[in-house]
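The sequence shown begins at -17 in my numbering and counts up by one.
No residue lacks a Cβ here, since even glycine has one placed at the ideal position from N, Cα and C.
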Amino acid sequence: MRSAFIQSRLLLSRGAINAVSLRIEDKPAMFSMRRNGMADGGEAANRQEFFASLGFDESSVVRGEQVHGDTISLADSAITFSGTDGLLTRQRNLLLTISVADCVPVLIFDSRQKIAAAVHSGWKGTTKNIVGKTADFLLHELNSQPEDVVAFIGPSAGECCYEVGEDVARKFDDAYKSGTSKQGKYKLDLKHAIESQLSEKGIPSDNIEISDHCTICDPRFHSYRRDGDASGRMLAAIAIK
Ligand SMILES: [Zn+2]
-17 MRSAFIQSRL
-7 LLSRGAINAV
3 SLRIEDKPAM
13 FSMRRNGMAD
23 GGEAANRQEF
33 FASLGFDESS
43 VVRGEQVHGD
53 TISLADSAIT
63 FSGTDGLLTR
73 QRNLLLTISV
83 ADCVPVLIFD
93 SRQKIAAAVH
103 SGWKGTTKNI
113 VGKTADFLLH
123 ELNSQPEDVV
133 AFIGPSAGEC
143 CYEVGEDVAR
153 KFDDAYKSGT
163 SKQGKYKLDL
173 KHAIESQLSE
183 KGIPSDNIEI
193 SDHCTICDPR
203 FHSYRRDGDA
213 SGRMLAAIAI
223 K
């Protein structure tokens, strides 16, 4: 059977359970993980299957009601945080999950102290430096050492396809955008903007894995840009083994 998710080899090598679910055409709702109070097109079963394949069930899942903000929450139990885009835990039996379809899922792991983090960083969260703030929390509140911290910048809108207008582009350093102001359109490279936010905190480049998958042009992923309101959602998940 084809795998229903991809994983970071770097995180696996450091002992972190991790996965990003895929869009699979012959599964119900194309294996979308979207939570929806109404009309369940198979998403609940998909979530169950995804969690089970990682050795978990819904009762161990931590999530945040994502708002493109920079709030970070430390979980001691399975819980849904309101208004939270960054999750951390030191508990072994919890699965941290981030819901995405083009926004960047960032999974972070302190392999010495066994601390896991999952962050939702779209362009708004990236301008708020939520990933850098999560690194700060690890380094300054939880006493992580930069060399022990590894990160996976997951499948998301790639610079090949991710077009933004002047208003968004001006919030980013020239190094992470291409295009001309004549057209008023720019291609944004969020993944490398996020990489720099980790590097600024002293995390070595060898400790950062960047997915080269673009969710917009690769049909194995759900994409809001490509499919609009009909788009499903993927889950990025991390847990301490
Ligand atoms: Zn692309």
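Taking DSSP's pairing of strands, which residues face Leu69 in a bridge?
Taking the first residue of the sequence shown as 1, we reach residue 69 at position 87. DSSP, once it has assigned bridges, lists Ser55 and Ala100 as partnering Leu69.
State yes or no: is the C-beta of Ile185 within less than 8 Å of the C-beta of Val131?
By 1-based counting over the sequence shown, the position of residue 185 is 203. By 1-based counting over the sequence shown, the position of residue 131 is 149. Their beta carbons are under 8 Å apart, which means Ile185 touches Val131 by this criterion.
Using three-state DSSP, classify Ile176 as helix, strand or coil.
Position 194 of the sequence shown, counted from the start, is the residue given in the question as residue 176. Of the three classes helix, strand and coil, the one that applies to Ile176 here is helix, per DSSP.
Where the beta carbon is closer than 6 Å to any heavy atom of ligand 1, which residues qualify, in chain order?
Near ligand 1, residues with a Cβ at less than 6 Å from any of the ligand's heavy atoms are Gly140, Cys142, Cys143, Cys196, Ile198 and Cys199; the list follows chain order.
Of the choices Gln95, Asp209, Ser205 and Lys96, whose alpha-carbon is the least far from that of Met216?
On the sequence shown, residue 216 is found 234 positions in, with the first residue counted as 1. Closest in C-alpha terms to Met216, from the list Gln95, Asp209, Ser205 and Lys96, comes Ser205.
Element boundaries [beta strand (DSSP E), containing Ile(-1)]:
Along the sequence shown, one-based indexing puts residue -1 at 17. Where Ile(-1) is concerned, the enclosing beta strand (DSSP E) stretches over Ala(-2) to Ser3.
Helix or strand or just coil, what does DSSP make of Met12?
For the purposes of this step, residue 12 is identified with residue 30 of the sequence shown, where counting begins at 1. Helix, per DSSP.
Among the candidates Glu182, Ala139, Ser160 and Asp118, whose CA atom is the shortest distance from the CA of Asp52?
Stepping through the sequence shown from its first residue, residue 52 is reached at position 70. Nearest of Glu182, Ala139, Ser160 and Asp118 to Asp52, Cα basis: Asp118.
Going by DSSP, what residues sit across from Leu78 in a beta bridge?
Here residue 78 refers to the residue found at position 96 when the sequence shown is read from its first residue. Val44 and Ile220, per the DSSP bridge assignment.
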